[in-house]
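Just so you know, the sequence shown maps onto residues 0 to 187 in numbering that gives the first Met the number 0.
By construction, the Cβ of each residue, glycine as well, lies at the ideal position given by its N, Cα and C atoms.
Written below as structure tokens is the structure these notes are about.
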Amino acid sequence: MTFAVAGLGFWIAEYLRFRGQPAASAKTIFGAVTVVAGLTATFTGGIVADKMRSRFPGSYFLVSGAGMLAACPFFVAGLYLPFPLAWFAMFAAIFCLFLNTGPSNTALANVSMPAVRATAFAINILIIHMFGDVPAFPGIGYIAGHTNIRVAFLFVTAVMLVSGIIWMFGARFLAADTAAVESATAGP
Numbered sequence: 000m001t002f003a004v005a006g007l008g009f010w011i012a013e014y015l016r017f018r019g020q021p022a023a024s025a026k027t028i029f030g031a032v033t034v035v036a037g038l039t040a041t042f043t044g045g046i047v048a049d050k051m052r053s054r055f056p057g058s059y060f061l062v063s064g065a066g067m068l069a070a071c072p073f074f075v076a077g078l079y080l081p082f083p084l085a086w087f088a089m090f091a092a093i094f095c096l097f098l099n100t101g102p103s104n105t106a107l108a109n110v111s112m113p114a115v116r117a118t119a120f121a122i123n124i125l126i127i128h129m130f131g132d133v134p135a136f137p138g139i140g141y142i143a144g145h146t147n148i149r150v151a152f153l154f155v156t157a158v159m160l161v162s163g164i165i166w167m168f169g170a171r172f173l174a175a176d177t178a179a180v181e182s183a184t185a186g187p
């Protein structure tokens, strides 16, 4: 998610120029789309994952993975649809990307021992930025420089797809990891 959102945010002006859109006003629209989609998706993802948890113990990963996978077709549509229709596809893609914020943070808290929970979050933040936005900026630029920005954003879609698959695969392990922490912290 960090790779996609940070890369999109960094390269959106170039992409909008590529599509013949006025960069200044379009960046404002993109910012508004990101804020509204991000906030509503963060709450929605958390609520949906919590409601699913009784039936699907890996719901926090399932919602995260489903969001990443659902974002892919919307993201691709946003690359090809004419503006202003492309903004709706981008909104849907960004909404789907941000569905994982609440569930992924809850999963991290649930599988971390209380004594090291703050450290676990710190390491998570380091890792998502080290492997997310840090390589996104030059990676997308490199691909765009050798092809075009649309091809570079299609690569971002591939990263989102792989991420969604990994989330879905990990869902089956979440219940056992959560139970291990709960039993280790339970009183006698």
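Secondary structure note for residue 94: its alpha helix (DSSP H) is the uninterrupted segment 84 to 97. Spatial neighbours of residue 111 in its own chain (CB-CB distance under 6 angstroms, excluding positions within 5 residues in sequence) are listed in chain order as 119. In the same chain as residue 135, and ignoring 5 residues on each side of it, the C-beta atoms closer than 6 angstroms to its own belong to 2, 5 and 6, in chain order. In the three-state DSSP reduction, residue 21 falls in the coil class, being neither helix nor strand.
Judged by pairs of C-beta atoms under 8 angstroms, the stretch 66 to 73 does not touch the stretch 7 to 17, as fewer than three such pairs exist. Residue 164 counts as exposed, since fewer than 16 other C-beta atoms from the protein chains shown sit within 10 angstroms of its C-beta.
In this structure, the beta-carbon distance from residue 44 to residue 109 does not fall below 8 angstroms. Residue nearest to residue 107 within the set 28, 58, 47 and 25 is 58 (criterion: CA-CA distance).
For residue 104, the enclosing alpha helix (DSSP H) covers residues 100 to 109. Short of 6 angstroms from the beta carbon of residue 167, and not among the five residues preceding or following it, lie these beta carbons of its own chain, in chain order: 64. For residue 123, the uninterrupted alpha helix (DSSP H) segment begins and ends at 116 to 127. Burial check for residue 171: the Cβ neighbour count within 10 Å stays below 16, so the residue is exposed.
Residue 0 sits in coil when the DSSP states are folded into three classes, being neither helix nor strand. The C-alpha of residue 61 is placed about 22 angstroms away from the C-alpha of residue 33. For residue 80, the three-state secondary structure derived from DSSP is coil.
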